[in-house]
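Asks: Be aware that the sequence shown starts at 1, since it is given in this note's numbering, and climbs by one per residue.
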Amino acid sequence: MASALASAQTAVTTLSGGPSSNNPNSASGNADGSTATVAQFNTPGGLALEPSGNVLWLADTGNNTVRRLDLVGGQTTTLATNTSGGSIIFSTPVDVAIDANTNLYVLTQGDGSLWRVDLRNLSFGATVTRLLPAGTFTAPNALAFDGTANLYVVEEAGALRRIALSNNTVSASLVAAGSFVTPRGVEVLDNGQIAVSDGTRHTIHLVDPNTFAVTFLAGGTNTPGSALGQGTAARFNSPRHLAKAGNNTLVVADNGNHQVRLVDSAGNTSVLYGILSNFWVTVSAPGVYPG
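1. Which residue wins for smallest C-alpha separation from Val-188, given the options Leu-119, Asp-99, Leu-58 and Ala-59?
2. Quick one: give me the first and last residue of the beta strand (DSSP E) that Glu-155 is part of.
3. Looking only at its chain, what residues have a beta carbon closer than 6 Å to the beta carbon of Thr-43, apart from the 5 residues adjacent to it on each side?
4. Can you give me the Cβ contacts of Leu-165 inside the same chain, cut-off strictly under 6 Å, excluding the 5 residues immediately before and after it?
5. Do you know how far the Cα of Pro-133 is from the Cα of Arg-161?
6. Could you check which residue in Asn-268, Val-251, Gly-267 and Asn-255 has the C-alpha nearest to that of Arg-261?
7. Flag this pair as touching only if the stretch 110-128 and the stretch 209-220 have three or more C-beta atom pairs under 8 Å; answer yes or no.
8. The beta strand (DSSP E) spanning Asp-70 covers which residue range?
9. Run through DSSP, which three-state label would Asn-103 get?
10. For a cutoff of 7 Å on Cβ pairs, would you count Asp-254 as touching chain D?
11. Please report how far the alpha carbon of Ser-277 lies from the alpha carbon of Phe-236, in whole angstroms.
12. Mind checking Val-106: buried by the 16 CB within 10 Å criterion, or exposed?
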């Protein structure tokens with residue numbers, strides 16, 4: 001039975017980027033300023049919301065920077081140091097995560113590294129530390145914090161790895177070879193289960209944090225599609241980033257379907273937002289914007 005998680009289409013407001021009614025001339029770029037009307041990005045990646053709910057951090061992948069969106073003041077800025085006064089350049093940052101101690105972690109795909117940013121006293125410039133050396137990871141795609149003491153990273157070739165923040169040690173892959181083909185997203189649910197999206201198999205899986213046993217949650221293995229339903233009845237198309245929405249519910253960026261979906265702990269899948277591309281209508285008129 002299909003989930004009742006999203007019984008009606010969710011209202012969505014463009015926060016930044018575009019083009020939009022607020023910023024009709026927007027294109028990819030690196031401009032800071034008013035989030036609604038001036039700020040620009042280039043291939044934005046993973047997001048992390050501070051516990052206060054007032055600040056959103058973004059891995060601005062194409063610009064090789066990390067951006068701070070002040071949701072109260074409506075301003076976007078680029079992470080900068082107090083030593084150079086300039087923007088900090090990362091090597092293809094793809095995801096960010098925040099721990100319980102005001103630290104921001106930045107996963108960089110270009111050099112296979114992990115960075116830590118002390119979020120205290122940002123007005124004096126960020127204190128940035130390379131936590132793990134270049135080459136630690138091979139083509140990492142996503143990052144998640146478990147709420148206690150560990151970070152999890154998925155790599156393009158199929159690995160799921162754990163970083164113990166107590167001593168910065170990194171595990172080998174926690175799952176058997178072949179468990180995933182191309183993991184693109186990772187999230188730790190409230191019950192401790194580690195959720196992983198497999199972009200090549202078009203499926204969502206759960207990993208036990210103690211035994212590392214992998215169980216199937218939803219999707220049709222090697223069968224892309226758009227169907228809703230439970231477990232194997234549901235279909236995804238190259239799912240990517242994951243987030244949690246409480247009650248052990250996953251939010252899935254279903255890339256190929258141009259949708260954001262919800263998956264509950266029983267594998268029931270529903271649409272949170274988005275319309276399949278075959279239903280798109282292109283209208284050339286003032287004030288009408290695609291997407």
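Every residue, glycine too, gets a C-beta built ideally from N, C-alpha and C.
Predicted model only: the values in this text are computed from it and were never measured.
Replies: In short, the structure shows the following:
1. Asp-99
2. 150-155
3. Thr-61 and Gly-62
4. Ala-149
5. 15 Å
6. Val-251
7. no
8. 65-70
9. strand
10. Among the chains of the structure shown, chain D does not appear; only one protein chain is present.
11. 14 Å
12. buried
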